[in-house]
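Some notes on the structure that comes next.
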Amino acid sequence: MQKYTDFWLYLNVNNNNDNDLSELGIVNEFNKHMYEKSQVYFISNLVNLNSELHQLQENDINSLSEKIISSKNEELYLNLPMLNFPWYIKIIWKINVKEIHNKDCFIKFIIKSTNSEQYKDSELKHYEHVLKYEDVLKLEGLGWIEYQLPKDVGELYVQPSIEINGSINMQIDYVRRRSNEGEITCIPNIGDLLPNFHKICPNVPEIFKYKYFSRKEMENLLELKDIINHP
8 MQKYTDFWLY LNVNNNNDND LSELGIVNEF NKHMYEKSQV YFISNLVNLN
58 SELHQLQEND INSLSEKIIS SKNEELYLNL PMLNFPWYIK IIWKINVKEI
108 HNKDCFIKFI IKSTNSEQYK DSELKHYEHV LKYEDVLKLE GLGWIEYQLP
158 KDVGELYVQP SIEINGSINM QIDYVRRRSN EGEITCIPNI GDLLPNFHKI
208 CPNVPEIFKY KYFSRKEMEN LLELKDIINH P
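Quick note, our numbering runs 7 ahead of the 1-based positions in the sequence shown.
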């Protein structure tokens with residue numbers, strides 16, 4: 008992805024956007040564009056905030072950033088920075104549960120939220136969603152999926168976190184928001200979205216049960232990879 012740096016610099020010239028997002032761990036133009044325009048926060052940004060996570064970072068061509076974080080069968084807690092997302096959204100995690108090694112495991116998704124830029128931790132709204140062994144087992148071996156949390160978030164500032172407990176070989180790519188506007192539909196044939204799609208993007212995240220994402224949002228995410236990879 009580094010060879011496309013000039014492209015992203017060019018893409019942002021007309022935006023006159025000099026926002027410094029280093030406090031979020033966002034230090035390159037591509038990740039910045041994805042966060043500000045598509046509300047996608049790559050988990051690999053956390054490596055810039057915590058160097059100890061570098062040992063958990065892996066290359067993965069299925070990620071638009073080409074970098075993911077892997078639990079590597081260890082207990083893991085990732086606390087993201089406070090993100091500025093629009094009101095009344097769903098939070099979606101892109102994850103890959105590769106293998107479960109014992110039944111004493113769970114995945115906990117945590118959301119803290121507020122409408123104020125100035126806040127105390129005790130003032131934040133707090134929500135947890137836990138996947139126990141039986142739930143995680145349904146995700147094992149599906150490949151990359153987008154897991155949508157059932158809770159609507161009504162605040163402007165959102166701090167997602169994830170806790171992986173027990174021996175789970177799991178990968179995490181990004182967190183993104185989904186607006187509650189519009190109908191969530193299944194996309195049975197990904198080729199309907201882009202011409203020659205399978206030649207452009209042969210590795211497509213799989214979908215788990217009803218946790219689909221909207222056609223428009225899928226188009227917005229895919230068109231970036233289309234621009235980059237199409238000759």
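For each residue, glycine too, the CB sits at the ideal point set by N, CA and C. Predicted, not measured: the structure shown is a model, and the values here were computed from it.
When the Cα atoms are used, what is the spatial distance from residue 62 to residue 155? For this step, residue 62 is matched to residue 55 along the sequence shown. For this step, residue 155 is matched to residue 148 along the sequence shown. Whole-angstrom Cα-Cα distance: 27 Å.
Would you call the stretch 66-76 and the stretch 44-54 in contact, with 3 or more CB pairs under 8 Å? yes
Are the Cβ atoms of residue 115 and residue 169 separated by less than 9 Å? Numbered from its first residue, the sequence shown carries residue 115 at position 108. Numbered from its first residue, the sequence shown carries residue 169 at position 162. Cβ atoms of residue 115 and residue 169: closer than 9 Å.
Given 8 Å, three or more beta-carbon pairs between the stretch 158-174 and the stretch 72-91: yes
Using a threshold of 9 Å, state whether the C-beta atoms of residue 110 and residue 134 are closer than that. Within the sequence shown, the letter at position 103 stands for residue 110. Within the sequence shown, the letter at position 127 stands for residue 134. Their beta carbons are not under 9 Å apart, which means residue 110 does not touch residue 134 by this criterion.
Coil, strand or helix - residue 64 by DSSP: In the sequence shown, the residue the question calls residue 64 occupies position 57. Strand at residue 64.
Going by DSSP, which residues form a beta bridge with residue 166? As a first step, residue 166 must be located in the sequence shown, where it is residue number 159. Looking at the DSSP assignment, residue 166 forms a beta bridge with 119.
Would you call the stretch 33-43 and the stretch 145-161 touching, i.e. three or more CB-CB distances under 8 Å? Here the stretch 33-43 does not lie against the stretch 145-161, with fewer than 3 beta-carbon pairs under 8 Å apart.
Quick check for students: name the residue ranges of the beta strand (DSSP E) that lie wholly in the stretch 31-113, counting only runs of 3 or more. 47-49, 64-66, 74-77, 83-86 and 96-107
Measuring straight from C-alpha to C-alpha, what distance separates residue 74 and residue 65? By 1-based counting over the sequence shown, the position of residue 74 is 67. By 1-based counting over the sequence shown, the position of residue 65 is 58. Roughly 6 Å separates the two Cα atoms.
Would you kindly report the start and end of the unbroken alpha helix (DSSP H) that includes residue 126? Start at 1 with the first residue of the sequence shown, and residue 126 comes out as number 119. Looking at the DSSP string, residue 126 is not in any alpha helix (DSSP H), and its letter there is neither H nor E.
Comparing C-alpha positions only, which one of 173, 39, 106 and 33 sits nearest to residue 145? Taking the sequence shown and counting its residues from 1, the one referred to as residue 145 is at position 138. Comparing C-alpha distances from residue 145 to each of 173, 39, 106 and 33 shows the shortest one belongs to 106.
Taking only three categories from DSSP, how would you classify residue 28? In the sequence shown, the residue the question calls residue 28 occupies position 21. Residue state, collapsed to three classes: coil.
Reduced DSSP secondary structure (H/G/I, E/B, other) of residue 146: For the purposes of this step, residue 146 is taken as residue 139 along the sequence shown, with counting starting at 1. Three-state DSSP puts residue 146 in a helix.
Just the Cα atoms here: how many angstroms apart are residue 125 and residue 108? On the sequence shown, residue 125 is found 118 positions in, with the first residue counted as 1. On the sequence shown, residue 108 is found 101 positions in, with the first residue counted as 1. Here the alpha carbon of residue 125 sits roughly 42 Å from the alpha carbon of residue 108.
Contacting residues, own chain, Cβ-Cβ under 6 Å from residue 179 (five flanking each side not counted): Within the sequence shown, residue 179 is the residue found at index 172, counting from 1. 50, 76 and 102.
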